[in-house]
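Per this note's numbering: the sequence shown = residues 23 to 319. The C-beta atom is built at its ideal place from N, Cα and C for all residues, glycine as well.
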Amino acid sequence: MHSHSTTHEAALLGLGAMGTALARAAASKGRRVTVWNRTPARATPLAAAGVTLAPSAAAAVAASPLVIVCVTDYAATRSLLETVSLVGKTLVQLSTGTPHEARELAAWATARGAQYLDGAILAVPSQIGGPHANILTSGAPRAFAAAEGVLADVAAVRFAGEPPGAAAAFDLGVLGSLFGALLGFYHGARLMESEQLPVDALGELMVAVVPALAEMVRADAEAIHHDRYEVPEASLDICWRSMELLARQAREAAIDSSFPAFAAGAFHRGMAAGLGHEAPAAMIKVLRAASAEGGAR
Ligand SMILES: NC(=O)c1ccc[n+]([C@@H]2O[C@H](COP(=O)([O-])OP(=O)(O)OC[C@H]3O[C@@H](n4cnc5c(N)ncnc54)[C@H](OP(=O)(O)O)[C@@H]3O)[C@@H](O)[C@H]2O)c1
23 MHSHSTTHEA
33 ALLGLGAMGT
43 ALARAAASKG
53 RRVTVWNRTP
63 ARATPLAAAG
73 VTLAPSAAAA
83 VAASPLVIVC
93 VTDYAATRSL
103 LETVSLVGKT
113 LVQLSTGTPH
123 EARELAAWAT
133 ARGAQYLDGA
143 ILAVPSQIGG
153 PHANILTSGA
163 PRAFAAAEGV
173 LADVAAVRFA
183 GEPPGAAAAF
193 DLGVLGSLFG
203 ALLGFYHGAR
213 LMESEQLPVD
223 ALGELMVAVV
233 PALAEMVRAD
243 AEAIHHDRYE
253 VPEASLDICW
263 RSMELLARQA
273 REAAIDSSFP
283 AFAAGAFHRG
293 MAAGLGHEAP
303 AAMIKVLRAA
313 SAEGGAR
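Here it is in structure tokens:
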């Protein structure tokens with residue numbers, strides 16, 4: 023990943039867990055970083071890391087052509103920039119939100135004279151600056167060109183295209199996958215406990231099988247993209263039976279059964295729709311039909 027940025031400075035607004043990690047990582051790469059946080063006490067420790075503390079959001083924005091915001095949500099971003107001039111600035115919003123919110127903020131920032139880049143951080147703060155941190159961006163190509171260098175100092179940066187909502191859409195797609203998987207893992211942890219087996223060993227086993235799971239996700243994504251579910255390696259019927267086994271084990275062990283009940287119920291809808299002989303990705307047909315019934319697409 024190389025830099026196209028001519029901007030050496032960066033203003034960073036928001037010093038929660040993530041903003042602090044971003045500021046430290048950028049400063050450690052030699053960037054001149056000016057920071058501001060609503061609660062000033064959170065900014066103070068950063069002075070020792072060579073970061074300049076600004077007394078107000080307006081002062082931080084004035085300090086750099088590149089303004090990066092990482093606060094709780096889009097409403098907070100808007101409220102802290104409401105009275106600040108953004109003319110000629112490149113605004114990079116790294117707070118998590120929906121595609122709709124990203125589009126709204128892009129229009130708002132552009133109307134106020136800024137170039138807008140939306141971004142989503144696919145990492146936890148301790149990963150920032152390391153090899154597993156990714157930032158996904160979308161929006162104005164000129165804004166990406168201006169911000170890429172600084173962002174590349176803290177994570178691997180990807181550009182998902184000009185629609186400002188794209189980064190948020192990919193981000194929520196990842197988050198849905200992540201938390202779906204984590205809920206399944208938490209149930210797996212209870213299953214381990216019910217069998218007096220060590221949960222950390224299940225964690226280690228997951229690390230070993232994650233590459234195989236990633237290949238399955240890629241194959242399912244291809245199947246859905248091309249709408250082809252024939253000749254499965256494992257049929258939806260086989261997957262449903264596994265979910266039924268999870269539900270049965272939960273009953274036998276008298277542990278919480280909400281996750282297996284949800285998963286078995288979902289796959290059962292695929293079975294009832296006659297998709298048992300197809301690939302599990304055929305579940306998308308059930309979800310599409312439900313969207314159509316609800317009036318959304
Ligand atoms: N933590 C993660 O693992 C992670 C991963 C990916 C993405 N993100 C995203 O990064 C963003 C920040 O997360 P975080 O973990 O840093 O959260 P956090 O530790 O809770 O910090 C929240 C930050 O937002 C500021 N803030 C909230 N409302 C504000 C307002 N109305 N005006 C001005 N500042 C306001 C807070 O200021 P005060 O200090 O004054 O309260 C603080 O700096 C979120 O959108 C989150 O989804 C986080």
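Closest in alpha carbon position to G183, among H247, S50 and L158, is L158. Ranked by Cα distance from A301, the options R273, I260, R270 and I277 are led by I260.
Annotation: K111 to D95 spans about 20 Å, alpha carbon to alpha carbon.
With a 10 Å radius around the Cβ and a threshold of 16 neighbouring Cβ atoms, Y138 comes out buried. Under DSSP, the beta-bridge partners assigned to Y138 are L113. When the beta-carbon positions are compared, G292 and A304 come within less than 8 Å of each other. Set against 7 Å, the gap from the CB of G41 to the closest heavy atom of ligand 1 is smaller. With fewer than three CB-CB distances shorter than 8 Å, the segment 182-198 does not count as touching the segment 33-41.
For H209, the number of other beta carbons within 10 angstroms of its own is at least 16, and it is reported as buried. Selection T61, C92, A71 and A63 evaluated against A33 yields C92 as nearest (Cα-Cα). Look at A131: its beta carbon is at least 7 Å from all of the heavy atoms in ligand 1. Within the chosen limit of 7 Å, ligand 1 reaches the beta carbon of C92 through at least one heavy atom.
Annotation: P163 to A283 spans about 46 Å, alpha carbon to alpha carbon.
For A182, the three-state secondary structure derived from DSSP is coil.
Per DSSP, T99 is one residue of the alpha helix (DSSP H) stretching across Y96 to L103.
Per DSSP, reduced to three states, the secondary structure at E226 is helical. The Cβ atoms of A189 and D140 lie closer than 8 Å to each other. Between the segment 224-236 and the segment 192-201 there are fewer than three inter-stretch CB-CB distances shorter than 8 Å, so the stretches are not counted as touching. Proximity of the segment 231-243 to the segment 257-277 falls short of the contact definition, fewer than three beta-carbon pairs being nearer than 8 Å. The beta-carbon separation of S257 and H299, rounded to 6 Å, stays under the 8 Å limit for a contact. Between A79 and V106, the beta carbon gap of about 6 Å places them in contact (Cβ cut-off 8 Å).
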